[in-house]
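Have a look at the structure below before the remarks.
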Amino acid sequence: MKVGQLSLDEFHALLIGQGLRVKMGPFNLSVQTRLPLLIRQLHQMYSHYSLAEEDEIVEFHVRVIPKHSIRQPLARLIRFEVDGRSPFPPVPVEQALATLEWGVNLVIAMRINHLLLFHSATVERNGHVLLLPAWPGSGKTTLSAMLMHRGYRLFSDEFGLMAPETGDFFPLPRLMPLKNQSIEIIRHYLPEAVLGPEIPGTLKGTVAHIRPPQASIERADEAAQPRWIVFPKWVAGAALRLESLPQSEAFLLLATNAFNYEVLGEAAFDAVTRLVRGCECRKLVYSDFDSALVALDELTDG
Amino acid sequence: MNSWYSSRFSLLRIESWESEFTVFQPESEKTHFLNEMGLQILVMLDQSPTSLEVLCRKLSEYFTLQPDAQFLRQVAQILQRYEALGLIERVKESE
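Residue numbers (the numbering used here), protein chains in the order written: chain Y, 1 to 302; chain X, 1 to 95.
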């Protein structure tokens with residue numbers, strides 16, 4: 001059953017009661033909240049996700065709850081909690097959706113160690129995975145939003161989830177936080193994209209989430225093997241360059257970019273070695289999305 | 001005079017990427033990135049305990065270099081680094 005098949009009242013009852021148990025790629029997530037604003041936003045933004053079955057294990061239990069502050073008695077603050085712990089300071093209630101999404105990403109990054117986690121946008125085309133590893137602020141969310149609306153299947157704008165033993169990558173299509181000028185860029189380029197509310201004043205400025213396409217969410221249990229690794233860099237005014245990258249450099253960049261390379265030790269060493277040896281490695285410098293998309297289409301056509 | 005020895009060289013996992021190498025050290029679970037000279041130092045120290053001066057002479061022959069004081073200092077720094085990482089051990093002359 002999909003979230004979108006629940007009425008708002010049913011949805012509300014789950015969130016304020018036992019929790020909304022929803023499938024997110026290879027994980028199940030339980031969310032609890034009583035915040036009316038967040039409940040309405042989630043009903044729209046999570047509509048394509050499936051509910052977890054009753055007998056399935058839920059990996060992450062999170063809550064977004066009101067936080068009363070003695071210092072700021074009039075402020076309407078909320079707190080994100082995972083298993084009773086709060087990794088972030090309280091934020092205004094208007095930032096609840098952004099805080100929930102960042103909180104879930106943080107929990108995945110901190111707790112998942114049976115998979116190798118790259119800090120990477122990940123998409124699939126022609127049956128194979130294109131990995132776009134990059135640091136925060138490099139535009140990978142915007143680029144993956146462009147790609148997913150141009151025929152690529154979204155795996156994630158944030159994580160490359162790799163099984164170290166098999167090399168399979170797993171989809172984790174979650175809401176994607178566009179920031180600041182990227183919001184207008186996507187509204188202009190992709191008028192068909194479903195965006196959540198603009199949330200000003202976050203630590204990263206104004207944020208608006210883009211909902212992954214239904215097809216990407218519905219195929220979230222279809223893993224794929226990697227074939228291309230492209231390190232993207234947006235540089236204002238730069239001419240397009242898609243150049244071959246030495247494999248040793250790709251190894252170094254991937255190992256330092258992964259969240260849990262050191263935790264996984266030799267398994268990660270073997271996995272990254274196999275990954276790099278089996279993929280075409282490139283670096284991409286671009287300022288114009290259209291030309292970048294053409295270059296990536298050509299790369300992934302074969 | 002000190003010598004150095006790569007006593008656990010055989011345990012290292014070494015992957016070659018043309019002229020560069022990734023080396024996994026099981027004891028520390030660390031990955032090291034070495035160039036050809038960096039790896040060759042480990043290879044030479046695996047064969048027998050070697051002093052800095054002899055190592056520099058062997059390296060300069062292998063890479064066809066003219067060793068000078070700066071080269072000696074650079075290799076000494078690499079040995080210190082390798083020792084700190086547990087890749088090599090110092091062997092006292094009296095031993």
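Glycine included, each C-beta is placed from N, C-alpha and C at the ideal position.
These numbers were taken from a predicted model, which means no experiment stands behind them.
- With distances taken between CA atoms, Glu56/Y lies nearest to Arg21/Y out of Ile65/Y, Tyr46/Y, Arg21/Y, Ile70/Y.
- The beta carbon of Glu89/X lies closer than 6 angstroms to those of Tyr5, Ser7 in the same chain, with the five residues before and after it left out.
- Inclusion of Ser287/Y and Gly237/Y in the CB contact set at 8 angstroms is warranted, their separation being smaller than that value.
- Only Gln247, Ser248, Phe251, Leu252, Ala255, Tyr261, Glu262, Gly265 from the segment 247–265 of chain Y bring a Cβ to less than 8 angstroms from some Cβ of chain X.
- The way I'd put it, the segment 49–65 of chain Y does touch the segment 77–87 of chain Y; three or more beta-carbon pairs between them come closer than 8 angstroms.
- In its chain, beyond the 5 residues on either side, Ile88 have a beta carbon closer than 6 angstroms to the beta carbon of Tyr82/X.
- Counted as a single uninterrupted DSSP element, the alpha helix (DSSP H) harbouring Met44/X occupies residues 36–47.
- When the alpha-carbon of Ile217/Y is set against those of His114/Y, Met24/Y, Tyr152/Y, the nearest one is in Met24/Y.
- Proximity of Thr64/X to chain Y, defined by a Cβ-Cβ separation below 8 angstroms, is not satisfied.
- At a cut-off of 8 angstroms between beta carbons, Thr50/X makes no contact with chain Y.
- Taking 8 angstroms as the threshold, the shortest C-beta distance from Phe269/Y to chain X falls below it.
- DSSP places Arg111/Y within a helical segment (H, G or I) once states are collapsed to three.
- Residue nearest to Leu116/Y within the set Ser47/Y, Phe269/Y, His61/Y, Val285/Y is Phe269/Y (criterion: CA-CA distance).
- Sequence-ordered contacts of the segment 21–52 of chain X with chain Y read Thr22, Phe24, Pro26, Glu29, Thr31, Phe33 [C-beta pairs closer than 7 angstroms].
- Burial is judged here by how many other beta carbons sit within 10 angstroms of a residue's own beta carbon; Pro36/Y has fewer than 16 and is exposed.
- A distance below 6 angstroms between beta-carbons, with the five flanking residues on each side excluded, links Leu39/X to the following residues of its chain, in chain order: Phe21.
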